[in-house]
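Participant:
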Amino acid sequence: MSDDLWKKFQKWKKEQDQHGKQAFARYMMLYFLDGLENTSDEFVFKGGNLLWHYIKTPRETTDLDLSTITIRSHEEVKEQQDGFGARIIIGYKTDKGQKNQFQIDIVYALPTDLVKIKSSVADTSYKAASIENIIADKMDAAFRFGSGNTRIKV
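Below is the structure:
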């Protein structure tokens, strides 16, 4: 990792009042999302990290949830997720040799109320699900899966 990226992370961490091991992982997911947003307008930010963006919930989340707007399948999927999405693992390594990874869950062509939100890591904005959509999705999953699902932490 470059010194410039580390300095940006330190600044972001202070501005967002983030600490602990989750802070760097969340920063890297959002940094990745910035890059994705700059290369494709097909993806919509959703899930636990978006909920954190809206209300700064202390809930830890270890993945980046996305939905596509028009893509309905993906030929290079490594693992199918209930037949309607993909799970991708992104690994990274720092200049000092530390390694980590995060997971991206993609759901295809899921109807979502879209809003634009400002990135917390760069001077860009993302297409994102509305807060009402995220809360409804979390509540639906909590009822559907019961106590066996981590979404109940919301």
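Each residue of the sequence shown is one higher than the one before, starting from 178 at the first, in my numbering.
Where a beta carbon is used, it is the ideal one built from N, C-alpha and C, also for glycine.
#1: GLU256 to LYS190, Cα distance in whole Å?
#2: Excluding the five sequence neighbours on either side, which residues of its own chain have a C-beta within less than 8 Å of the C-beta of LEU182, listed in chain order?
#3: Just to confirm, are LEU287 and SER244 a CB contact at a threshold of 8 Å?
#4: Taking the alpha-carbon of VAL221 as reference, which of LYS185, PHE201 and ASN310 has the nearest alpha-carbon?
#5: Kindly confirm or deny that the stretch 292–302 and the stretch 264–278 touch, where touching means at least three C-beta pairs closer than 8 Å.
#6: Buried or exposed: LYS188, going by 16 or more other Cβ atoms within 10 Å of its Cβ?
#7: Consult DSSP for THR216 and reduce its assignment to one of helix, strand or coil.
#8: Starting from the C-beta of ILE266, find all residues in its chain whose C-beta is less than 6 Å away, skip the five residues before and the five after it, and write them out in chain order.
Facilitator: Answer, in terms of the structure:
#1: Here the model assigns GLU256 a pLDDT of 38, short of 50, so the residue's position is not dependable and the matter cannot be decided.
#2: The residues are TYR208.
#3: Cβ distance < 8 Å, so LEU287 and SER244 count as in contact.
#4: VAL221 has its Cα closest to that of ASN310, out of LYS185, PHE201 and ASN310.
#5: Counting Cβ pairs under 8 Å, fewer than three are found: no touch.
#6: Burial call: exposed.
#7: Three-state DSSP puts THR216 in a helix.
#8: Closer than 6 Å at the Cβ level, and outside the excluded window around ILE266, lie GLN278 and GLN280.
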